[in-house]
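Numbering-wise (full-length UniProt numbering), the sequence shown opens with residue 1 and increments by one. Built from N, CA and C at the ideal position, the CB exists for glycine as well. In what follows, a structure is listed as structure tokens, so that the remarks can point back to it.
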Amino acid sequence: MARFQDRFEAGRVLGEHLRAYAGRSDSLVLALPRGGIPVGFEVARALDAPLEAFVVRKLGVPGHEEFAMGAIATGGVRVLNEDTVRGLHISDEEVARVLAREERELARRERLFRGGRPPPRIQGRTVILVDDGLATGSTMRAAVLALREQEPGLLVVGVPVGAPGTCASFRDEADEVVCVLTPEPFHAIGHFYEDFAQTSDEEVRELLARAERGAGFGMEAF
1 MARFQDRFEA
11 GRVLGEHLRA
21 YAGRSDSLVL
31 ALPRGGIPVG
41 FEVARALDAP
51 LEAFVVRKLG
61 VPGHEEFAMG
71 AIATGGVRVL
81 NEDTVRGLHI
91 SDEEVARVLA
101 REERELARRE
111 RLFRGGRPPP
121 RIQGRTVILV
131 DDGLATGSTM
141 RAAVLALREQ
151 EPGLLVVGVP
161 VGAPGTCASF
171 RDEADEVVCV
181 LTPEPFHAIG
191 HFYEDFAQTS
201 DEEVRELLAR
211 AERGAGFGME
221 AF
């Protein structure tokens, strides 16, 4: 089974698959915190493009939070899997509680990661949306919907590994989809990494700061 050493190696491999977008003045790498940031860091370095965090929160099923029933993203976008909600008999009140909790966390992370900086301009740009993998795709789908509202010139979804069916489903939603590995059968994303330790908020902030210092100078500050 092919595996990446860690998210940084995965980002370097993904960056090679995205070389067509290197050196373009309109390119922007948006990474989903927290796990997508180390991947996006290496993609941005490979493409000589700026890196920004795009905050999205999964809506976990009450009592089984690892299983997504939807997601929310910056800009008030909300994706809810109605089949999951109905099938698991999740009440409106339970959905509302999860939404309120995750909206608070989304707002906290935006303050933490953006540090008062204005959001990047999306309209007309080539946006490369990156995460460390695609399982159900609910978080990435929320991000794609949020970005489409801001009218990017081109929207590319890139991940080091993803479930084959999930990767295929994004071909109707993004202009290009790059999934480096699409193993069958697909297990949890972490099965395809030697080191899949959780990325901390401080690590995210440090990587975003390093990327900002490198922007515009051929990334030599990395």
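I need the DSSP call for residue i, collapsed to helix, strand or coil.
| i | result |
| --- | --- |
| SER27 | strand |
| GLU194 | coil |
| HIS17 | helix |
| VAL204 | helix |
| GLY137 | coil |
| GLY218 | Because GLY218 carries a pLDDT of 40, less than 50, the predicted location of this residue cannot be relied on, and no value is offered for it. |
| GLY40 | helix |
| ALA53 | strand |
| LEU88 | coil |
| GLY60 | strand |
For a quick check, are the C-beta atoms of residue i and residue j less than 8 angstroms apart?
| i | j | result |
| --- | --- | --- |
| LEU134 | ALA168 | no |
| GLN123 | PRO160 | no |
| ARG34 | THR199 | yes |
| LEU51 | PHE41 | yes |
| ARG7 | ASP132 | yes |
| VAL79 | VAL95 | no |
| GLY70 | LEU59 | yes |
| LEU30 | VAL180 | no |
| THR182 | GLY137 | no |
| PHE192 | ARG24 | no |
| ILE90 | PRO62 | yes |
| VAL39 | ALA68 | no |
| PHE54 | LEU208 | no |
| ASP26 | ARG148 | no |
| VAL177 | PHE170 | yes |
Counting along the chain, where does the beta strand (DSSP E) carrying residue i start and finish?
| i | result |
| --- | --- |
| GLU176 | 176–181 |
| THR126 | 126–130 |
| ILE72 | 64–73 |
| ARG3 | Note, ARG3: premise wrong, no beta strand (DSSP E); not H, not E. |
| GLU110 | Looking at the DSSP string, GLU110 is not in any beta strand (DSSP E); the run it does join, the alpha helix (DSSP H), is 92–114. |
| GLY35 | Neither: GLY35 is in no beta strand (DSSP E) and is coded neither H nor E. |
| ARG78 | 77–80 |
| GLY153 | Element bounds for GLY153: n/a, residue is neither H nor E. |
Our contact map puts residue i next to residue j with C-beta atoms below 8 angstroms; I'd like the distance itself, whole angstroms only.
| i | j | result |
| --- | --- | --- |
| ALA20 | ASP48 | Not really, about 13 angstroms apart at Cβ, beyond 8 angstroms. |
| LEU32 | GLY158 | Actually they do not touch by this definition, with Cβ atoms about 11 angstroms apart. |
| ILE72 | VAL56 | 7 angstroms |
| LEU154 | ALA143 | That belief does not hold up - the Cβ atoms of LEU154 and ALA143 are roughly 15 angstroms apart, past 8 angstroms. |
| ALA46 | GLU16 | 7 angstroms |
| ALA146 | VAL98 | The pair is not a contact, with the Cβ atoms about 18 angstroms apart (cut-off 8 angstroms). |
| GLN5 | ASP195 | 6 angstroms |
Between residue i and the ligand FAD, is there a pair consisting of the residue's CB and a ligand heavy atom that are separated by less than 7 angstroms?
| i | result |
| --- | --- |
| GLY190 | The ligand FAD is absent from the structure shown, which contains no ligands of any kind. |
Could you pull the start and end residues of the alpha helix (DSSP H) that residue i belongs to?
| i | result |
| --- | --- |
| GLY165 | 164–169 |
Three CB pairs or more closer than 8 angstroms across the segment 200–210 and the segment 105–118: yes
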